[in-house]
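Heads up, the thing below is written out as structure tokens.
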Amino acid sequence: MQKLLLLALVGLGAQLVDGSLGMAYGVTSTTLLLAIGTNPAAASATVHLAEIGTTLVSGLSHWKFGNVDWKVVLKIGVPGAIGAFAGATFLSSISTETAGPLMAIILLALGLYVFLRFTFQGLPKGQLGKPLRKRFLAPLGLVGGFVDATGGGGWGPVGTPAILASGRLEPRKTIGSIDTSEFLVAVAASLGFIWGIGSENIDYGWVLALLIGGVIAAPVAAWLVRHIPPRVLGAAVGGVIILTNTRSLLRSDWIDAPDAVRYVFYGVIYVAWAAAIVYSVLQYRKNAAEERQIIADSAEAGISDGDDKDKAPIGA
1 MQKLLLLALV GLGAQLVDGS LGMAYGVTST TLLLAIGTNP AAASATVHLA
51 EIGTTLVSGL SHWKFGNVDW KVVLKIGVPG AIGAFAGATF LSSISTETAG
101 PLMAIILLAL GLYVFLRFTF QGLPKGQLGK PLRKRFLAPL GLVGGFVDAT
151 GGGGWGPVGT PAILASGRLE PRKTIGSIDT SEFLVAVAAS LGFIWGIGSE
201 NIDYGWVLAL LIGGVIAAPV AAWLVRHIPP RVLGAAVGGV IILTNTRSLL
251 RSDWIDAPDA VRYVFYGVIY VAWAAAIVYS VLQYRKNAAE ERQIIADSAE
301 AGISDGDDKD KAPIGA
């Protein structure tokens, strides 16, 4: 019972992050399932089955708040489903000894990307309004779907930063569209895992616990996406993913590092993680202050122009 409650809290926290950042539900949940000894394929299958419900509720919530571009959802979601089914059948066909460290490497790489991307760059906002073409979204969906199924997460970390980096879709619609299209990915990946490992290898109690937590959090996250600073959240979540998967990799049969080496790695990660969060908060406040100053200067310039016109002589 305690484990189910913990999983429900994990699902709630992961969906709060995913719904407001556009990534990390699968990566966070799978990382924690692996940490308690779950088989890699079963862990990914559990998360994707839960995501069928969470992404459905999340998509509806984002749609209600006006955060969804349906053209983007279809252009990236259908190729993503194809890639997810392929990734699920691939992961199901390899041994646990190989899959465990391999998944840890994928999750670690995704965590590093999220951590560095949001800590040092924040969110680009150029070229808003320009269309996102199918030749960009279709390959992105294929890769994102495959990585998502094989890594137990990755749809958001692959898709969200790529679309944000293009600067063509505002952040809230990027996050809402990625979350909504993930429903197609979750369904396809789940079918692939059931095909590959069979439904008897999946703990449906765990699926239900993750689902309940995620469904509770989804509407809240869709509302928070307009208010929470993604830069700070990205740095925090990236640190969790890096720390947990570094631990898994160092303790795997591939490396089997001694305690002294592992503790050095953990210490470095903790220091870097804390510094990144502080830096992200400072940069967020700095950028927010600069934006407020720009707005104030623009308003003051408008008032000054109005005063000059009032004082201008007749016929000037």
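Numbering-wise, the sequence shown is residues 1 to 316 according to UniProt numbering.
Yeah, the Cβ is synthetic: ideal placement off N, Cα and C, and Gly gets one too.
Quick caveat, the model's predicted, so the values are computed rather than measured.
### Message
Taking its Cβ as the centre, do 16 or more other Cβ atoms sit within 10 Å of A316, making it buried, or is it exposed?
### Response
On the sequence shown, position 316 is the one that residue 316 refers to. Note that A316 scores a pLDDT of 41, beneath 50, so its modelled location is shaky and nothing firm can be said.
### Message
Using a Cβ-Cβ cutoff of less than 7 Å, which residues in the same chain neighbour A50 once the five nearest sequence positions on both sides are dropped?
### Response
Residue numbering aside, residue 50 sits at position 50 when the sequence shown is read from its first letter. Taken in chain order, the residues that qualify are G11, V207, L210, L211, G214.
### Message
Along the chain, where does the alpha helix (DSSP H) containing E170 start, and where does it finish?
### Response
The residue given as residue 170 occupies position 170 in the sequence shown. That residue, E170, is in no alpha helix (DSSP H); it is neither H nor E in DSSP.
### Message
Distance check for D203 and P79, CA to CA, integer angstroms please.
### Response
Numbered from 1 along the sequence shown, position 79 holds the residue referred to as residue 79. Numbered from 1 along the sequence shown, position 203 holds the residue referred to as residue 203. In a straight line, the C-alpha of P79 is about 28 Å away from that of D203.
### Pairwise C-alpha distance: E290 and L6
Position 6 of the sequence shown, counted from the first residue, corresponds to residue 6. Position 290 of the sequence shown, counted from the first residue, corresponds to residue 290. Answer to the nearest angstrom: the Cα atoms are 41 Å apart.
### Message
Does the contact criterion of 3 or more C-beta pairs under 8 Å hold for the segment 25 to 39 versus the segment 102 to 115?
### Response
yes
### Task
For S93, I'd like the list of residues in its chain whose CB is within less than 7 Å of its CB, leaving aside the five on either flank, ordered along the chain.
Translated into positions along the sequence shown, residue 93 becomes position 93. G196, listed in sequence order.
#### Entry: Collapsed DSSP secondary structure at I314 in the structure displayed
The count along the sequence shown starts at 1 and reaches residue 314 at position 314. The predicted position of I314 is uncertain, since its pLDDT is 48 and thus under 50; no value can be drawn from it.
### Task
Grab me the residues of V57's own chain with a C-beta within less than 6 Å of its C-beta, minus the 5 sequence neighbours each way, in chain order.
Against the sequence shown, residue 57 aligns to sequence position 57. Result list for V57: V215, A218, in chain order.
### Query
Could you give the distance in angstroms between the alpha-carbon of Y279 and the alpha-carbon of I269?
The residue given as residue 279 occupies position 279 in the sequence shown. The residue given as residue 269 occupies position 269 in the sequence shown. Between Y279 and I269, the C-alpha separation is close to 15 Å.
### Message
With H, G and I counted as helix, E and B as strand and the rest as coil, what does DSSP make of R251?
### Response
Taking the first residue of the sequence shown as position 1, residue 251 is located at position 251. Three-state DSSP puts R251 in coil, outside helix and strand.
### Query
Does the distance from the CB of A186 to the CB of A84 come in under 9 Å?
Residue 186 sits at position 186 when you count from the first residue of the sequence shown. Residue 84 sits at position 84 when you count from the first residue of the sequence shown. In contact: A186 and A84 (Cβ atoms closer than 9 Å).
#### Entry: Residues of its chain near D69, where Cβ-Cβ distance is below 6 Å and the 5 sequence neighbours each way are ignored
Translated into positions along the sequence shown, residue 69 becomes position 69. Correct list, in chain order: K173, S177.
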